[in-house]
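Since the structure comes first, as structure tokens, the remarks are kept for the end.
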Amino acid sequence: MCGIFVSALHSDANDSVQKVFNNLSEALRRVNCHRGPDAQSSRLLSFPNAQTTLNVDFYSSELRLRGDEPVVQPHFADDNILCWNGEIFEGLEVIVISPHENDGSKLFSALCAAETSNGVRDIFSTIEGPYAFVFYHARTQLLYYARDPLGRRSLLVHTPTSNCPYFLLSSVSAGADEAYELSELSTDYIYCLDLKAWQPSFEVGASFNRCLTTLNRSPTATGDLHVFAEPAKVNTELPPDTIPQLESLETIPEHLVKTVDDLIYHLDRSVFLRVKDIPQRCKAGKKARLAVLFSGGIDSTVITYLAHGHIPLDEPIDLLNVAFENPRKIRIQTEGNVGGVSKRALKNRAQNQDLKQTPKKTSYLVPDRVTGMTEVEELRRLCPGRTWNFVEVNVPYEECQSARPIVESLMHPGRTVMDLSLALALYFASRGIGQIRKDADSEPEPYTSEARVLLNGLGSDELLGGYGRHRTVYNTGGWEGVIKEVLKLITCPWKSRKLIVNSKSFSKKSIAYRLEI
Numbered sequence: 002m003c004g005i006f007v008s009a010l011h012s013d014a015n016d017s018v019q020k021v022f023n024n025l026s027e028a029l030r031r032v033n034c035h036r037g038p039d040a041q042s043s044r045l046l047s048f049p050n051a052q053t054t055l056n057v058d059f060y061s062s063e064l065r066l067r068g069d070e071p072v073v074q075p076h077f078a079d080d081n082i083l084c085w086n087g088e089i090f091e092g093l094e095v096i097v098i099s100p101h102e103n104d105g106s107k108l109f110s111a112l113c114a115a116e117t118s119n120g121v122r123d124i125f126s127t128i129e130g131p132y133a134f135v136f137y138h139a140r141t142q143l144l145y146y147a148r149d150p151l152g153r154r155s156l157l158v159h160t161p162t163s164n165c166p167y168f169l170l171s172s173v174s175a176g177a178d179e180a181y182e183l184s185e186l187s188t189d190y191i192y193c194l195d196l197k198a199w200q201p202s203f204e205v206g207a208s209f210n211r212c213l214t215t216l217n218r219s220p221t222a223t224g225d226l227h228v229f230a231e232p233a234k235v236n237t238e239l240p241p242d243t244i245p246q247l248e249s250l251e252t253i254p255e256h257l258v259k260t261v262d263d264l265i266y267h268l269d270r271s272v273f274l275r276v277k278d279i280p281q282r283c284k285a286g287k288k289a290r291l292a293v294l295f296s297g298g299i300d301s302t303v304i305t306y307l308a309h310g311h312i313p314l315d316e317p318i319d320l321l322n323v324a325f326e327n328p329r330k331i332r333i334q335t336e337g338n339v340g341g342v343s344k345r346a347l348k349n350r351a352q353n354q355d356l357k358q359t360p361k362k363t364s365y366l367v368p369d370r371v372t373g374m375t376e377v378e379e380l381r382r383l384c385p386g387r388t389w390n391f392v393e394v395n396v397p398y399e400e401c402q403s404a405r406p407i408v409e410s411l412m413h414p415g416r417t418v419m420d421l422s423l424a425l426a427l428y429f430a431s432r433g434i435g436q437i438r439k440d441a442d443s444e445p446e447p448y449t450s451e452a453r454v455l456l457n458g459l460g461s462d463e464l465l466g467g468y469g470r471h472r473t474v475y476n477t478g479g480w481e482g483v484i485k486e487v488l489k490l491i492t493c494p495w496k497s498r499k500l501i502v503n504s505k506s507f508s509k510k511s512i513a514y515r516l517e518i
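Oh and the sequence shown: position 166 is 167 in my numbering, straight run, nothing missing.
Quick look at the structure:
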């Protein structure tokens, strides 16, 4: 993950606003710095007019995953500036360049050569991958900013208000603060801001909005051009009624063989593009460059198995399995289930209890741990010769509570219980701190993953109809109902929020998060 922070304020702002703006800018620089440990830099552009000067500061931090040397961001040439947090997996001829080149630099060169706003827009319609960007185009004198159509990278925006008359774009927040009103940028458009036309006004919001326009993404074409502008999300073609319902998966029916082969091909290619040419952190010894958020579910297990085919056999792969301490479960183990027990009975039980008894050892055998342990043994059987590091990331209750304010700050403005549960798991997984065992019966040894890339099967249930609701909808509405349910799940705001909460939760660890499904 790289960090993006762009801020703009007119020079005639009063001292109070300037002080708040400076403090806020310092905090947002600091949190974005964590996202890119390899290089950090900034560029300042000024746009003077008769009344005032608009100062625009571009700050970026870089996590190197492409090219031989760290690329210092923001990219800068001939007054063009690009802040880039993304990875190009297909399109823009990136797929045929050598691993010694940087995809962000290649994208910047293409953007600088664009002559019009539509030219800038069309370049982004030819690339596939997760991204968020801010680009100042000297030729059109416009500031462009957007996220990829699926919303796989976060970009928060604060638009000017009467109390907070500055403009902010940031990959991550510094927590809840009255000094800004952050919201996640919509993926529907590419936004264009005319910086020279933006003048201070008593109607701060209206003045800003007059300078802001949107570009619709290029329509999806049948050929190679613009093929990634707005990817088709669901195949709405209904299967014929004559296809019989399967009773078993022991044998794949003839009419499904090609479909199954196509799915495996595309999924395998997706994994390949995300695991090839991962740089090492250090040259000393064979360390795992790749980790997988591994629950032992079918999604993480399949992705791990496919990655095995594209990573050298003598290189380990880290399987990160997160388990949280459950105080309620421990209390039941110690005291028994006290539901419905009177206070007097509880008091008598406490008096009779031996207070010197040895406290019960915390058990982290949660369902995901059990399935993870089972499936890693299956991988060892199917993939001999590979070292599989099953990393038990055990999170004590107190440690989880201590980290909660940090995680809530990172995930802001997300605030639901679902947001928090996702973010906590990924926050601790991305640290990679845990323990491994040489075999199932051996004592654990401390271990810290040094992987540069973390794979996750996020979204498989939504895309492949893995929830119980899909079976219910099929029983009541047939395949047409299933298609509508799948479309609803992968296009609803919750799905996008699920993606961006996950991407922001890695801000405290120099690791790239790659979504495979």
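All residues carry an ideal CB built from backbone N, CA and C; glycine is no exception.
In terms of CA proximity to D269, D300 leads the group T375, D300, L294, S296.
Just so you know, the alpha carbons of F109 and E378 end up roughly 45 Å apart. In the three-state scheme derived from DSSP, where H, G and I count as helix and E and B as strand, Q41 is classed as strand. When only Cα atoms are considered, Q142 and Y468 end up about 48 Å apart.
Annotation: D123 to I82 spans about 18 Å, alpha carbon to alpha carbon.
In the DSSP assignment, H76 falls outside any alpha helix (DSSP H) and within the unbroken beta strand (DSSP E) covering 76 to 78. Taking a cut-off of 8 Å for Cβ pairs, the stretch 11 to 19 and the stretch 175 to 183 do not touch, as fewer than three such pairs fall below it. DSSP, read as helix, strand or coil, puts C34 in helix. Shown here for T449: same chain residues with a beta carbon closer than 7 Å to its own, the five before and five after excluded, namely G433, I434 in chain order. Comparing C-alpha distances from R65 to each of R329, V454, V394 shows the shortest one belongs to V454. With contacts defined as CB atoms closer than 8 Å, I5 and V135 qualify as a contacting pair. Bridge pairing for I128: G92 [DSSP]. The beta carbons of G87 and Y132 sit about 3 Å from each other, so the pair counts as a contact at 8 Å. DSSP, reduced to helix, strand and coil, places G386 outside both helices and strands of the structure shown, so it counts as coil.
Under a 10 Å Cβ-count criterion, I304 is classified as buried, with 16 or more other Cβ atoms of the shown protein chains found around its own Cβ. For I437, the enclosing beta strand (DSSP E) starts and ends at 434 to 437. In the three-state scheme derived from DSSP, where H, G and I count as helix and E and B as strand, T302 is classed as helix. V276: member of the alpha helix (DSSP H) spanning 255 to 276, first to last residue.
For L216, the CB contacts under 7 Å within the same chain, skipping 5 residues up- and downstream, are S118, R122, Y190, I191, C193 in chain order. Looking at the DSSP output, F136 sits in a beta bridge with L83, Y145. For the pair Y60 and S47, the CB atoms are not nearer than the 8 Å cut-off. With contacts defined as CB atoms closer than 8 Å, C34 and S62 qualify as a contacting pair. Under the rule that a run must span 4 or more residues, the alpha helix (DSSP H) segments found entirely inside the stretch 396 to 444 read 398 to 412, 418 to 432. At a Cβ-Cβ threshold of 8 Å, A308 and V272 count as neighbours.
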